[in-house]
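**Q** Sequential numbering of the sequence shown, starting at 1, is according to UniProt numbering.
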Amino acid sequence: MPKILIVYYSRTGITRKVAEALASKINATLEEVKDTFDRSGAKGYLLAGRDATFKNLTMLETSHVKPEEFDLVIVGTPVWSWTMSVAIRTYLTEQKNKLKKVAFFCTMGSNGDKRTFIEMTGIVNQLPIATMALKTKQVFTDNFENEIQQFVNELNILE
Ligand SMILES: Cc1cc2nc3c(=O)[nH]c(=O)nc-3n(C[C@H](O)[C@H](O)[C@H](O)COP(=O)(O)O)c2cc1C
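(1) Hey, valine 7 and valine 79 are a contact pair by Cβ (cut 8 Å); roughly how many whole angstroms apart?
(2) Are the Cβ atoms of alanine 130 and alanine 87 separated by less than 8 Å?
(3) Could you give the C-beta distance for leucine 60 and threonine 93, rounded to a whole number, given that I count them as a contact under 8 Å?
(4) Can you give me the start and stop residues for the alpha helix (DSSP H) that leucine 22 sits inside?
(5) By Cβ distance below 6 Å, which residues in the same chain neighbour glycine 109 in space, the five residues on each side in sequence not counted?
(6) Tell me the DSSP secondary structure of aspartate 35 in three-state form.
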């Protein structure tokens, strides 16, 4: 049975909901990446957009989960300014040499998933074995069961 890590960042809980739904389907360790920078409220939103646009990095809270101990790392992020969140850009940049295999998912209001996955692929320098893009509204209204199932199938985990 492969060892799987699901690592995600979520500012308002949508990406977290997907990560938790995924974790309930597969046997995996779940880790939330936390940004030490306060991204709440209107000011947090504006600075998040700016930092994502300029591909800035941030300081993450310390984690004791070692991605190199997993066969597959599934990385989830909200789309910010048509790319990944600042915390996930930082995580991937810091851990890129420790990821054996990757898969990606994102949540977004409307679009930006393709560029997000291309940039994530570029940072880790390997193709994801599967990707999944979900809209905020469908996650909010619990309408993503089919997509989760398809993503799990594409992961091709024989448990
Ligand atoms: C700073 C910022 C920039 C965003 N940029 C985009 C975008 O370019 N495209 C899009 O479809 N949604 C965009 N969104 C919406 C989020 O991707 C969406 O609400 C997501 O589901 C939030 O996930 P979370 O609750 O896990 O933080 C943006 C949100 C924020 C905070």
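Cβ coordinates follow ideal geometry from the N, Cα and C atoms, glycine included.
Predicted, not measured: the structure shown is a model, and the values here were computed from it.
**A** Let me lay it out:
(1) Contact doesn't hold; Cβ gap of about 17 Å is too wide.
(2) no
(3) About 10 Å separates the two Cβ atoms, so there is no contact after all.
(4) 14 to 23
(5) Thr136
(6) strand
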